[in-house]
Amino acid sequence: TAPTPAQNNREREGSCLLLLLVMSNLLLCQGKLCPSCGPDVSDTSLTSLRDVFTDANRLSHDFHNLSRIIFSEFDEKYAHGKQYHIRSTKSCHTDPYNIPEELEIALHTNNEDLTVWTLVLLYAWNNPLYYLANEVPNVKGVSVAILLRIIEMKNISDKLQEFIQDQFSKSIVPVLQKMHDTRTTWSGLSSLTSSDEDRRHSEFYNLFYCLRRDSLKVDMYIKILWYRVP
C-alpha cells in the first residue's frame, strides 16, 4: 500500500528537521574546534565536488526515508496488536561497531572517521539487504510494496558505497580492518525463512527497526560531509 499524504508529510518533516539540526550546529561550530571541516579530496573541482555531494545527500535522504516507510508499513500491517516491540530485543547486528548516533559527537568528528562509520554501516547491511530482496518474495504475507522498497534501498546502498569509495578511497582499508577486528555478522536468515509466522514477523520487525536506525546515521553523516564542502 502506498503511504498516505500524512505519512509522506511526516517523513519530509523528519528529514528537514535533521538537515536543519545539522546545519545549525555546524554554524555554531564555526570558530570552534571542528576537525576536518573540509572534504578529504583534492583532485576534483569545487563545483563538481558540490554536485557529487549533493547527489549523495539526496541518495542518503531517500535511503533513510524508505527505511522509515518500510518500518511504518510493516508495523501497521503485520505488528498491529502484536507484542513484537516488547519481545523484540532491538539488538542490531551493527551494535558491536559502537557507531555513535548522537549528532553532537558526529559534528566534532573528522571526515575520515565519518566516512569509515558510513562505509562500515553500508557494508554491514549488504547481506541483510541482499537476503531481504531475495527472500521476502517467498515469505507469505509480506507486501510487494515493501519488497520494491527494499530493492530500491539495496540499489541506493550500492551507489552510496561507490560514492564513498571514489571520494574517500583511503577509508576503505580502515573500514575492512574494523570489520575484521569486530567479527560480527548478521545471523537472522533462519528466522526470516522460518515456518513459524510469529518468529518470522518478529525478526522482520527487529531488522526493519535496525535498518531505520542505521540509515538515519548514514543520512546524518553524509549531510555533515555535504555541508563541509567549501
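The sequence shown maps to residues -31 to -1, 1 to 199 in mature numbering (1 follows the signal peptide of the UniProt record, and there is no 0).
Built from N, CA and C at the ideal position, the CB exists for glycine as well.
Within the model, the alpha-carbon separation for aspartate 150 versus proline 65 is close to 10 angstroms. For the 8 angstroms CB-CB criterion, tryptophan 94 and serine 60 do not form a contact. In this structure, leucine 91 lies away from valine 21, with their beta-carbon atoms at least 8 angstroms apart. The continuous alpha helix (DSSP H) containing asparagine 124 extends over residues 113 to 136. Within its own chain, the residues whose Cβ lies closer than 7 angstroms to the Cβ of serine 160, once the five positions on either side in sequence are excluded, are Arg168, Arg169 and Glu172, listed in chain order. Cβ neighbours of alanine 102 within its own chain (closer than 6 angstroms, five residues either side excluded): Ile119, Ile120 and Lys123. Per the Cβ contact rule, the stretch 129 to 139 is in contact with the stretch 73 to 84 (3 or more Cβ pairs under 8 angstroms). Note that the C-beta distance between methionine 189 and alanine 75 is below 8 angstroms. If one requires a minimum length of 4 residues, the alpha helix (DSSP H) runs lying completely within the stretch 22 to 79 are 53 to 56 and 72 to 76, in chain order. Your pair alanine 25 and isoleucine 191 checks out as a contact, with CB atoms roughly 5 angstroms apart and the cut at 8 angstroms. Here DSSP, grouped into helix, strand and coil, assigns serine 160 to helix. Distance from the CA of aspartate 183 to the CA of phenylalanine 32, rounded to the nearest whole angstrom, comes to 10 angstroms. Leaving aside the five residues that flank threonine 154 on each side, the residues in its chain whose CB is nearer than 8 angstroms to its CB run, in chain order, His62 and Asn96.
Closest in C-alpha terms to valine 111, from the list Glu166, Pro143, Lys128 and Gly157, comes Glu166. Residue state for threonine 153 is assigned as coil, using DSSP reduced to three classes.
Burial of glutamate 42 is indicated by the presence of at least 16 other C-beta atoms within 10 angstroms of its C-beta. A buried status is given to valine 144, since no fewer than 16 other beta-carbon atoms sit within 10 Å of its beta-carbon. Look at aspartate 165 here: in three-state DSSP terms it is coil, with no helix or strand label.
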